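J.: Going down the list, the sequences are from chains A and B.
When we follow the working numbering, the leftmost residue of the first sequence carries the number 14, and every step to the right adds one.
When we follow the working numbering, the leftmost residue of the second sequence carries the number 14, and every step to the right adds one.
The beta-carbon is built from N, C-alpha and C at its ideal position, and this holds for glycine as well.
Quick caveat, the model's predicted, so the values are computed rather than measured.
Number of protein chains: 2
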Amino acid sequence: MSELFETPSLLLDVDRLDANILRMRDKLAPFEVVLRPHVKTNKSLEVTERFFPAGRGPITVSTLREADFFFAAGFTDILYGVSIAPNKFAHAARLIEQGAALKLVLDNLESARLLAEFARTHEQTFEVLLEVDCDGHRSGIPPHSPLLVEIARLLRASDVTVSGVMTHAGNSYDSRSIAEIEACARQERNAVVDAARLLEEAGFELSVVSIGSTPTALFTQDLSGITEVRAGVFAFFDLVMAGLGVCQVQDIAVSVLTTVIGHQPEKGWTIVDAGWMALSRDRGTAKQSVDQGYGIVCNLNGQPIGDLIVTAANQEHGIISSRSGTFEPAGELPVGMQLRILPNHACATSAQHAGYHVLTGGRHLGDWSRIAGW
Amino acid sequence: MSELFETPSLLLDVDRLDANILRMRDKLAPFEVVLRPHVKTNKSLEVTERFFPAGRGPITVSTLREADFFFAAGFTDILYGVSIAPNKFAHAARLIEQGAALKLVLDNLESARLLAEFARTHEQTFEVLLEVDCDGHRSGIPPHSPLLVEIARLLRASDVTVSGVMTHAGNSYDSRSIAEIEACARQERNAVVDAARLLEEAGFELSVVSIGSTPTALFTQDLSGITEVRAGVFAFFDLVMAGLGVCQVQDIAVSVLTTVIGHQPEKGWTIVDAGWMALSRDRGTAKQSVDQGYGIVCNLNGQPIGDLIVTAANQEHGIISSRSGTFEPAGELPVGMQLRILPNHACATSAQHAGYHVLTGGRHLGDWSRIAGW
Numbered sequence: 014m015s016e017l018f019e020t021p022s023l024l025l026d027v028d029r030l031d032a033n034i035l036r037m038r039d040k041l042a043p044f045e046v047v048l049r050p051h052v053k054t055n056k057s058l059e060v061t062e063r064f065f066p067a068g069r070g071p072i073t074v075s076t077l078r079e080a081d082f083f084f085a086a087g088f089t090d091i092l093y094g095v096s097i098a099p100n101k102f103a104h105a106a107r108l109i110e111q112g113a114a115l116k117l118v119l120d121n122l123e124s125a126r127l128l129a130e131f132a133r134t135h136e137q138t139f140e141v142l143l144e145v146d147c148d149g150h151r152s153g154i155p156p157h158s159p160l161l162v163e164i165a166r167l168l169r170a171s172d173v174t175v176s177g178v179m180t181h182a183g184n185s186y187d188s189r190s191i192a193e194i195e196a197c198a199r200q201e202r203n204a205v206v207d208a209a210r211l212l213e214e215a216g217f218e219l220s221v222v223s224i225g226s227t228p229t230a231l232f233t234q235d236l237s238g239i240t241e242v243r244a245g246v247f248a249f250f251d252l253v254m255a256g257l258g259v260c261q262v263q264d265i266a267v268s269v270l271t272t273v274i275g276h277q278p279e280k281g282w283t284i285v286d287a288g289w290m291a292l293s294r295d296r297g298t299a300k301q302s303v304d305q306g307y308g309i310v311c312n313l314n315g316q317p318i319g320d321l322i323v324t325a326a327n328q329e330h331g332i333i334s335s336r337s338g339t340f341e342p343a344g345e346l347p348v349g350m351q352l353r354i355l356p357n358h359a360c361a362t363s364a365q366h367a368g369y370h371v372l373t374g375g376r377h378l379g380d381w382s383r384i385a386g387w
Numbered sequence: 014m015s016e017l018f019e020t021p022s023l024l025l026d027v028d029r030l031d032a033n034i035l036r037m038r039d040k041l042a043p044f045e046v047v048l049r050p051h052v053k054t055n056k057s058l059e060v061t062e063r064f065f066p067a068g069r070g071p072i073t074v075s076t077l078r079e080a081d082f083f084f085a086a087g088f089t090d091i092l093y094g095v096s097i098a099p100n101k102f103a104h105a106a107r108l109i110e111q112g113a114a115l116k117l118v119l120d121n122l123e124s125a126r127l128l129a130e131f132a133r134t135h136e137q138t139f140e141v142l143l144e145v146d147c148d149g150h151r152s153g154i155p156p157h158s159p160l161l162v163e164i165a166r167l168l169r170a171s172d173v174t175v176s177g178v179m180t181h182a183g184n185s186y187d188s189r190s191i192a193e194i195e196a197c198a199r200q201e202r203n204a205v206v207d208a209a210r211l212l213e214e215a216g217f218e219l220s221v222v223s224i225g226s227t228p229t230a231l232f233t234q235d236l237s238g239i240t241e242v243r244a245g246v247f248a249f250f251d252l253v254m255a256g257l258g259v260c261q262v263q264d265i266a267v268s269v270l271t272t273v274i275g276h277q278p279e280k281g282w283t284i285v286d287a288g289w290m291a292l293s294r295d296r297g298t299a300k301q302s303v304d305q306g307y308g309i310v311c312n313l314n315g316q317p318i319g320d321l322i323v324t325a326a327n328q329e330h331g332i333i334s335s336r337s338g339t340f341e342p343a344g345e346l347p348v349g350m351q352l353r354i355l356p357n358h359a360c361a362t363s364a365q366h367a368g369y370h371v372l373t374g375g376r377h378l379g380d381w382s383r384i385a386g387w
């Protein structure tokens, strides 16, 4: 069936997708939280609709291009999860004027001052979440910093609503055990709840206390004080998540379809037509205990073949080798044979493709497109 | 001027582009060779037109999507430089039927047998170059292998024309000195000339003896017996090429425009809105003597700022730090400031964008689009 497709191309197993979404829903069901999926992983209307069988729920986006696209498709409650750059104020304002309930994020006084000035000058209201740093990973304000209140007051003076706080446990991706992920989850929850308390004690009413990362969301044990969970990669999963122990390899819903185009038998190499353009340059498993190269090699049914991985990638060439040297690919993988490569990082690999060939029960259900850019 | 653009976005300095093209033309002028630029770096009609002020010259493509696009724009002499997969035979045949002088590449008996069978079944002619392995880098037939003649005979029996041989000195990218690049260039030239001689002695008339890599093309001293040179990245250059000594940092024609969105002052971090989605995950300088992280940080005029590089990247966040720790970015790089990031690998970074904001003499000349996919 998938032999009908020219290669390389991106396959999406919709049965696995649905099962992964169900797993997250089941995990969060006992808690009083909203799931606000991050659509940066899928960038697809049809995939995002699988999260919401009964309508258009709240989403998180990583670009205003995503916000434009999903708003045009009827999604109105949109959190843009990257600290807003001043050159994007006008773009955000356009979305709000058109009716989007767009929430912006920022984590510093300068950004707040510039946004407040824009709001005054253009008589524009904005809704803002303050970003909290729970683990020193990237952005955000320390959870006990007086800066939180200072920024919130500055914004309030300019009719910008601070409706909540958000954080992201980026360090959970570097965990070495489920116990470490659970510790990250506690740290993430505590940081954002502490920050919310600080603001509430200063007189701010918050409706959003938001956390989000796939590992912490799937292993959290306490979401008291949290109103919503953002996560994205759980829908597809990937080898980084499997390496963390967050999923099994057979849960991974996306793969790159490729074709054998040659061999270098004396080196044990099989050459395929998926290079880094199709697989991405992401080497996220390189720092894990098992380095998967540029991905695990599977047959058309999605079953790994021996211990084959993609060990090197040029722009449009991939080199497949046996990890142990005990598998002789040349005889087993003839020219023309199609293979599926499981990706290190679903967000990065999917972003190299304009859409998905969607499979269900091994049949071709149709093609779903993706958006790209900013 | 570039402050008009929303970030992140891709900038192309057309003055540097033209100078880089001129340098390659001047280098090759003393030799009797044709330049067949590889358009996989630029994937843009307007950029490719800069190579050919007087028409539509020969090009190399990395995908049949590029072949479709450039053929529709009037380019007819097209070499598809990746060993052809059987599922692409029909696509290639369509291009040939429409009038493209499309040259295919292969390097093994199985591919030849399958192509010959397709040619017979569909009464379709093809023109093929045999790929020669000059350095054990990736694909290709050893230059003295009897396989060359065996494959050529098999193809001739099915009305498939073997019009030449081609090779790519992929190992030149790992050179440590100009002397090593010159050695790669000799090896590349000798391998493909030897392979051509073997075929000619067996009675084949070859019109194409093709080499290609930016480092070897710029430092070759002997192209006797060579008919054409393929190279692509020379038009843009990048930090990998600068690290090799093939160009200067100030020759790099593409950069990613980004905006400061926050700081973590105690860590010396500046956060920008270009992550790996805008920069690509390519870390090609990691194995060179100077690791440039995810790229060198420049001001809007393209001048490097202190010793700042992008030291980490998430999907839409980049973290800028001083390499030595002696530069204090927080005061110097206020929120809202726009910066330009020079890329490790021009092909990979450009592929993350739908087009270029084109600059000349610091002015905005216009926007040129790129294609993507297969």
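At what residues does the alpha helix (DSSP H) containing valine 205 of chain B begin and finish?
T.: Start at 1 with the first residue of the second sequence, and residue 205 of chain B comes out as number 192. It spans 191–214 - the alpha helix (DSSP H) in which valine 205 of chain B sits, taken as one unbroken run.
J.: Between the stretch 71–87 of chain B and chain A, which residues of the former have a C-beta closer than 9 Å to a C-beta of the latter?
T.: Residues are counted here when their Cβ sits less than 9 Å from a Cβ of chain A; for the stretch 71–87 of chain B these are Ser75, Thr76 and Leu77, given in chain order.
J.: Taking 9 Å as the CB-CB cut-off, is tryptophan 387 of chain B touching chain A?
T.: One-based indexing of the second sequence puts residue 387 of chain B at position 374. By this cut-off, tryptophan 387 of chain B is an interface position.
J.: Give the single residue among A:His370, A:Pro278 and A:Ala215 whose Cα lies nearest to the Cα of serine 152 of chain B.
T.: Counting from one through the second sequence, the residue named residue 152 of chain B turns up at place 139. Looking at the Cα atoms, A:Pro278 is the closest of the given residues.
J.: Measure the alpha-carbon distance for aspartate 304 of chain A versus asparagine 100 of chain A and round it to whole angstroms.
T.: Locating residue 304 of chain A in the first sequence gives position 291, where the first residue counts as 1. Locating residue 100 of chain A in the first sequence gives position 87, where the first residue counts as 1. Cα to Cα, aspartate 304 of chain A sits roughly 40 Å from asparagine 100 of chain A.
J.: So glutamate 140 of chain B contacts chain E; which residues on that side make the cut at Cβ distance below 8 Å?
T.: Here the protein chains are A and B, and chain E is not one of them.
J.: Can you give me the Cβ contacts of tyrosine 369 of chain A inside the same chain, cut-off strictly under 6 Å, excluding the 5 residues immediately before and after it?
T.: The residue you call residue 369 of chain A lines up with position 356 of the first sequence. Counting only Cβ-Cβ distances below 6 Å, and skipping sequence neighbours, we find Leu23, Leu25 and Trp381.
J.: What are the start and end residues of the beta strand (DSSP E) that includes threonine 373 of chain A?
T.: In the first sequence, residue 373 of chain A corresponds to position 360, counting from 1. Counting along the chain, the beta strand (DSSP E) containing threonine 373 of chain A begins and ends at 368–373.
J.: Express the C-alpha separation of tryptophan 289 of chain A and alanine 326 of chain A in angstroms, rounding to a whole number.
T.: Counting from one through the first sequence, the residue named residue 326 of chain A turns up at place 313. Counting from one through the first sequence, the residue named residue 289 of chain A turns up at place 276. The alpha-carbon atoms of alanine 326 of chain A and tryptophan 289 of chain A are separated by roughly 5 Å.
J.: Go ahead and pull the three-state DSSP assignment for isoleucine 109 of chain B.
T.: Indexing the second sequence from 1 puts residue 109 of chain B at position 96. Reduced to three states, the DSSP call for isoleucine 109 of chain B is helix.
J.: Can you tell me whether proline 228 of chain B is buried or exposed, with buried defined as 16 or more other CB within 10 angstroms of its CB?
T.: Residue mapping note: residue 228 of chain B aligns to position 215 of the second sequence, counting from 1. Buried.
J.: Between glycine 238 of chain A and valine 222 of chain A, which are expected to be in contact by the criterion C-beta below 8 Å, what is the C-beta distance as a whole number of angstroms?
T.: What you label residue 238 of chain A is simply residue 225 of the first sequence in a count that begins at 1. What you label residue 222 of chain A is simply residue 209 of the first sequence in a count that begins at 1. Yes, they are in contact, since the Cβ atoms of glycine 238 of chain A and valine 222 of chain A sit about 6 Å apart, within 8 Å.
J.: Check whether the stretch 356–375 of chain B touches the stretch 61–69 of chain B, taking contact to mean three or more Cβ pairs, one atom from each stretch, closer than 8 Å.
T.: no
J.: Please classify leucine 35 of chain A as buried or exposed, where buried requires at least 16 neighbouring CB atoms within 10 angstroms.
T.: What you label residue 35 of chain A is simply residue 22 of the first sequence in a count that begins at 1. Flag for leucine 35 of chain A reads exposed.
J.: Using a Cβ-Cβ cutoff of less than 8 Å, which residues in the same chain neighbour alanine 170 of chain A once the five nearest sequence positions on both sides are dropped?
T.: Here residue 170 of chain A corresponds to residue number 157 of the first sequence, with the count starting at 1. Answer for alanine 170 of chain A: Ala129, listed in chain order.
J.: Could you give the C-beta distance for leucine 231 of chain B and methionine 37 of chain B, rounded to a whole number, given that I count them as a contact under 8 Å?
T.: Sequence index remark: in the second sequence, residue 231 of chain B carries index 218 (1-based). Sequence index remark: in the second sequence, residue 37 of chain B carries index 24 (1-based). Indeed, because the Cβ distance is near 7 Å, the residues count as touching under 8 Å.
J.: Using a C-beta cutoff of 9 Å, does tryptophan 289 of chain A count as contacting chain B?
T.: Counted from its first residue, the first sequence places residue 289 of chain A at position 276. Yes - at least one Cβ of chain B is within 9 Å of the one on tryptophan 289 of chain A.
J.: Rounded to whole angstroms, what is the Cα-Cα separation between valine 47 of chain A and proline 159 of chain A?
T.: For the purposes of this step, residue 47 of chain A is taken as the residue at position 34 of the first sequence. For the purposes of this step, residue 159 of chain A is taken as the residue at position 146 of the first sequence. Taking the straight line joining both Cα atoms gives about 28 Å.
J.: Whole angstroms is fine: what's the gap from valine 145 of chain B's alpha carbon to histidine 157 of chain B's?
T.: On the second sequence, residue 145 of chain B is found 132 positions in, with the first residue counted as 1. On the second sequence, residue 157 of chain B is found 144 positions in, with the first residue counted as 1. Rounded to whole angstroms, valine 145 of chain B to histidine 157 of chain B spans 9 Å at the Cα level.
J.: Should threonine 20 of chain B be flagged as near chain A, meaning a C-beta pair shorter than 9 Å?
T.: By one-based count along the second sequence, residue 20 of chain B stands at place 7. Taking 9 Å as the threshold, the shortest C-beta distance from threonine 20 of chain B to chain A falls below it.
J.: What residue from B:Val27, B:Thr20 and B:Leu17 has the CA that sits closest to isoleucine 265 of chain B's CA?
T.: Residue 265 of chain B sits at position 252 when you count from the first residue of the second sequence. Minimum Cα distance to isoleucine 265 of chain B is reached at B:Val27.
J.: Counting pairs of beta carbons, one from the stretch 330–349 of chain A and one from the stretch 267–275 of chain A, are three or more of them closer than 8 Å?
T.: Output reads yes: the stretch 267–275 of chain A touches the stretch 330–349 of chain A.
J.: Would you say arginine 107 of chain B lies against chain A (beta-carbon separation less than 9 Å)?
T.: Your numbering for residue 107 of chain B matches position 94 in the second sequence. No, no contact with chain A.
J.: DSSP three-state call for glutamine 234 of chain B: helix, strand or coil?
T.: In the second sequence, the residue the question calls residue 234 of chain B occupies position 221. Glutamine 234 of chain B falls in the coil class under three-state DSSP.
J.: Examine chain A for any beta-carbon lying closer than 9 Å to the beta-carbon of proline 99 of chain B, and answer yes or no.
T.: Walking along the second sequence from the start, residue 99 of chain B turns up at place 86. Yes - at least one Cβ of chain A is within 9 Å of the one on proline 99 of chain B.
J.: From arginine 336 of chain B to valine 310 of chain B, what does the alpha carbon distance come to, in whole angstroms?
T.: Taking the second sequence and counting its residues from 1, one reaches residue 336 of chain B at position 323. Taking the second sequence and counting its residues from 1, one reaches residue 310 of chain B at position 297. Rounded to whole angstroms, the gap between the alpha carbons of arginine 336 of chain B and valine 310 of chain B is 11 Å.
J.: Just how far apart, CA to CA, sit leucine 167 of chain A and aspartate 148 of chain A?
T.: Your numbering for residue 167 of chain A matches position 154 in the first sequence. Your numbering for residue 148 of chain A matches position 135 in the first sequence. For leucine 167 of chain A and aspartate 148 of chain A, the distance between alpha carbons rounds to 26 Å.
J.: Per DSSP, which one or two residues make a beta bridge with tryptophan 381 of chain B?
T.: If you number the second sequence from 1, residue 381 of chain B lands on position 368. Beta-bridge pairing links tryptophan 381 of chain B to B:Tyr369.
J.: Closest by CA to glycine 258 of chain B, which one among B:Ile154, B:Ser188, B:Thr324 and B:Ala248?
T.: By 1-based counting over the second sequence, the position of residue 258 of chain B is 245. With respect to the C-alpha of glycine 258 of chain B, the residue from B:Ile154, B:Ser188, B:Thr324 and B:Ala248 having the closest C-alpha is B:Ser188.
J.: Is threonine 134 of chain B buried or exposed, if buried means 16 or more other CB atoms sit within 10 Å of its CB?
T.: By 1-based counting over the second sequence, the position of residue 134 of chain B is 121. Exposed, because fewer than 16 other Cβ atoms sit within 10 Å of the Cβ of threonine 134 of chain B.
J.: Quick one: give me the first and last residue of the alpha helix (DSSP H) that cysteine 390 of chain B is part of.
T.: This structure does not reach residue 390 of chain B, given that chain B is present from 14 up to 387, and the question cannot be answered.
J.: Which bits of chain B does threonine 272 of chain A rub up against, with CB to CB less than 9 Å?
T.: Residue numbering aside, residue 272 of chain A sits at position 259 when the first sequence is read from its first letter. Those within 9 Å of threonine 272 of chain A in chain B are Ala98, Pro99, Asn100 and Lys101.
J.: Distance check for glutamine 137 of chain B and lysine 280 of chain A, CA to CA, integer angstroms please.
T.: Position 267 of the first sequence holds residue 280 of chain A. Position 124 of the second sequence holds residue 137 of chain B. One C-alpha to the other measures close to 34 Å.
J.: Where do the ends of the alpha helix (DSSP H) carrying isoleucine 164 of chain A lie?
T.: Taking the first residue of the first sequence as position 1, residue 164 of chain A is located at position 151. It spans 160–169 - the alpha helix (DSSP H) in which isoleucine 164 of chain A sits, taken as one unbroken run.
J.: For alanine 125 of chain B, report the span of its alpha helix (DSSP H) as first-last.
T.: Translated into the one-based positions of the second sequence, residue 125 of chain B becomes position 112. For alanine 125 of chain B, the uninterrupted alpha helix (DSSP H) segment begins and ends at 122–135.
J.: For the stretch 332–350 of chain A, which residues have a CB atom closer than 8 Å to at least one CB atom of chain B, in sequence order?
T.: Ile332, Pro347, Val348 and Gly349
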